[in-house]
Amino acid sequence: MGVLIRKYRSGYLFTGIAKLSIVLFLVSLSSSFIDTIWAVYLAGFFQSESYVGLFSGFLSVLAFLSFFFLVPLIEKSKKSVLFATVLILSALTYIFFAINKNFYIFIFLAIVITIFISIKITTFGIIVKDKSRKENLSRNEGIVYSFNNFSWLIGPLIVSLFLLDFGHSIIFVSSATLLVFAFFMFKMSGIKDDNVVKKVDNDVFKNFLEFFKNKERVISYLIGAGVTTWWALIYLYIPLYIIDNGLNEYLIGIFLFACAGPLILFEYLFSKMAGKYGAKKFFLIGYAIITIIPIIVFFVNSPYLVLGILALGSVGLAMLEPTTEAYFFDIIKNKKEENKFYGPYNTAIETGLIFGKIAPAILLIFLPFKYIFLLFSAFMFFFFIVSLKAKKVVERRD
73 MGVLIRKYRS
83 GYLFTGIAKL
93 SIVLFLVSLS
103 SSFIDTIWAV
113 YLAGFFQSES
123 YVGLFSGFLS
133 VLAFLSFFFL
143 VPLIEKSKKS
153 VLFATVLILS
163 ALTYIFFAIN
173 KNFYIFIFLA
183 IVITIFISIK
193 ITTFGIIVKD
203 KSRKENLSRN
213 EGIVYSFNNF
223 SWLIGPLIVS
233 LFLLDFGHSI
243 IFVSSATLLV
253 FAFFMFKMSG
263 IKDDNVVKKV
273 DNDVFKNFLE
283 FFKNKERVIS
293 YLIGAGVTTW
303 WALIYLYIPL
313 YIIDNGLNEY
323 LIGIFLFACA
333 GPLILFEYLF
343 SKMAGKYGAK
353 KFFLIGYAII
363 TIIPIIVFFV
373 NSPYLVLGIL
383 ALGSVGLAML
393 EPTTEAYFFD
403 IIKNKKEENK
413 FYGPYNTAIE
423 TGLIFGKIAP
433 AILLIFLPFK
443 YIFLLFSAFM
453 FFFFIVSLKA
463 KKVVERRD
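Numbering (the numbering used here), first residue to last: 73 to 470.
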């Protein structure tokens with residue numbers, strides 16, 4: 073209880089981490105609305121699964137590049153101000169999505185929202201880090217991601233049960249509304265992060281090369297990339313799999329709801345255990361689980377059984393999501409390195425998505441859909457091998 077609410081003379085008040093968790097809940101709920109329909113929405117513009125994957129991969133490449141070019145902006149800005157500004161701009165962009173029917177305007181809007189998402193991810197991550205003591209970082213990451221995952225649990229369900237009948241436009245409007253609520257919640261929370269670097273490092277490519285000169289940073293990068301590689305399968309290709317098998321679009325939300333369930337149940341528990349026993353063990357077990365599951369579903373013919381087995385893979389993700397970022401912060405030496413390298417580290421998100429989107433898109437040109445499962449199993453096995461090289465870091469020994 074003390075982690076979220078503390079007792080003061082004037083009564084009980086929410087802690088900073090609790091306020092950030094609520095803000096992230098609203099932001100993630102907005103994102104979950106969009107991601108539930110995104111693959112099908114793209115399919116309306118691109119009539120091929122392969123083209124959907126390639127365009128999504130292009131956006132991920134753009135996000136990858138934007139992280140590096142945004143480093144100077146993030147370093148010289150107040151993180152709280154920048155985060156709040158991007159919330160409002162993202163809301164406006166979703167409104168334009170709702171009213172637009174033109175293909176070329178859609179391309180422009182997709183590029184704009186991709187850049188905004190990059191800024192949101194980087195600034196929010198730094199704010200959480202700055203509001204956490206080092207020994208409590210894994211725990212706080214676990215709390216924040218638990219709220220995040222609760223939004224991903226109920227978001228797809230809300231879309232499938234209540235919003236889908238009204239069309240995709242109302243879903244974009246609803247997402248924009250949630251971001252406006254998140255903006256006001258963040259402003260009312262009084263959370264400030266004035267961690268500003270006065271001498272800004274503008275050498276983007278030097279930052280890139282310097283990041284990868286350190287072995288521990290490279291390992292943390294690859295381990296983090298594996299998480300989003302898996303989510304590319306779940307959020308992009310499985311919705312297309314559902315539609316291609318003649319199943320109702322409503323089932324997409326139900327499936328994504330099922331995938332979020334294990335994260336809600338286990339992520340906070342695993343994050344606390346990782347802080348006590350070290351993240352490496354959880355990396356290995358998590359990646360082992362999601363290496364085996366795609367091999368199993370490759371031999372399964374029932375679409376419903378395939379979806380059920382894939383949802384179980386989220387148990388492995390519950391071991392990985394809160395621990396990968398905390399591991400990166402554990403190996404970073406100081407705040408200057410944090411400001412300099414957190415942006416490059418966050419490109420791991422897009423690196424995973426690039427491989428998770430483009431490689432299957434190319435494979436689909438030559439092979440049936442089911443071979444995607446073997447491809448993802450190979451990816452996850454690679455990340456399992458990388459995890460063997462991770463450093464054993466224990467944040468606390470209570």
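For glycine and all other residues, C-beta sits at the position ideal for the given N, C-alpha and C.
Nothing here was measured: the structure is a model prediction, and the numbers come from that model.
Residue i burial status per 10 Å Cβ neighbour count (16 or more: buried)
i, result
"Y359", "buried"
"P440", "exposed"
"S374", "exposed"
"F141", "exposed"
"I444", "buried"
"G279", "As written in the sequence, residue 279 is Asn, which differs from the Gly given in the question. So N279 counts as buried."
"S120", "exposed"
"D237", "exposed"
"G174", "Residue identity check: residue 174 is Asn in the sequence provided, not Gly. When all chains shown are included, N174 counts as exposed."
"L460", "exposed"
"G318", "exposed"
"I109", "buried"
"N406", "exposed"
"Y176", "exposed"
"N320", "exposed"
"F244", "buried"
"F258", "buried"
"I193", "buried"
Anticipated Cβ contact below 8 Å, residue i with residue j, distance rounded
i, j, result
"G415", "F139", "5 Å"
"S162", "L251", "5 Å"
"I198", "K151", "5 Å"
"T165", "L154", "Their Cβ separation, rounded to whole angstroms, is 16 Å, which puts T165 and L154 out of contact at 8 Å."
"K463", "I403", "7 Å"
Under the three-state DSSP convention, the category residue i falls into
i, result
"S120", "coil"
"G318", "coil"
"K270", "Its pLDDT being 48, under 50, K270 is placed unreliably by the model, and nothing is read from it."
"S190", "helix"
"G325", "helix"
"K285", "coil"
"I109", "helix"
"K148", "helix"
"N471", "What the structure shows of the chain is the stretch from 73 to 470, and residue 471 is not part of that stretch, so it cannot be assessed."
"T263", "Before going further, note that residue 263 is Ile rather than Thr in the sequence given. Coil at I263, not helix or strand."
"G239", "coil"
"L142", "coil"
"K91", "helix"
"K173", "coil"
Closer than 8 Å to chain D by CB, residue i
i, result
"Y123", "Absent here is chain D; the protein component of the structure consists of one chain."
Any non-hydrogen atom of the ligand GTP within 7 Å of residue i CB
i, result
"L225", "Within the structure as shown, the ligand GTP is missing, as the structure has no ligands at all."
Taking three-plus beta-carbon pairs below 8 Å as touching, is the segment 121 to 131 in contact with the segment 325 to 333?
-> With the cut-off at 8 Å, the segment 121 to 131 and the segment 325 to 333 do not touch.
Contiguous alpha helix (DSSP H) assignments of at least 4 residues, all confined to the segment 335 to 417 | As far as the segment 335 to 417 is concerned, its whole alpha helix (DSSP H) runs of at least 4 residues are 351 to 370, 375 to 384 and 386 to 403.
Just checking, does the segment 332 to 340 make contact with the segment 387 to 399 on the three C-beta pairs under 8 Å criterion?
-> With the cut-off at 8 Å, the segment 332 to 340 and the segment 387 to 399 touch.
Would you check if there are 3 or more beta carbon pairs closer than 8 Å linking the segment 305 to 315 to the segment 169 to 179?
-> No: the two stretches stay apart, fewer than three of their Cβ pairs being nearer than 8 Å.
Which runs of the alpha helix (DSSP H) fall wholly inside the segment 428 to 467 and span at least 4 residues, in chain order?
-> Taking only runs of at least 4 residues, the alpha helix (DSSP H) segments lying wholly in the segment 428 to 467 are 443 to 459.
Specify whether the segment 221 to 230 and the segment 99 to 111 touch according to this definition: at least 3 beta carbon pairs, one from each stretch, less than 8 Å apart.
-> Touching, yes.
Segment contact flag, the segment 447 to 467 with the segment 291 to 299, C-beta cutoff 8 Å, min 3 pairs = Contact between the segment 447 to 467 and the segment 291 to 299 is present, because at least three Cβ pairs lie under 8 Å.
Taking three-plus beta-carbon pairs below 8 Å as touching, is the segment 370 to 387 in contact with the segment 418 to 434?
-> Touching, no, given that fewer than three Cβ pairs across the two stretches are closer than 8 Å.
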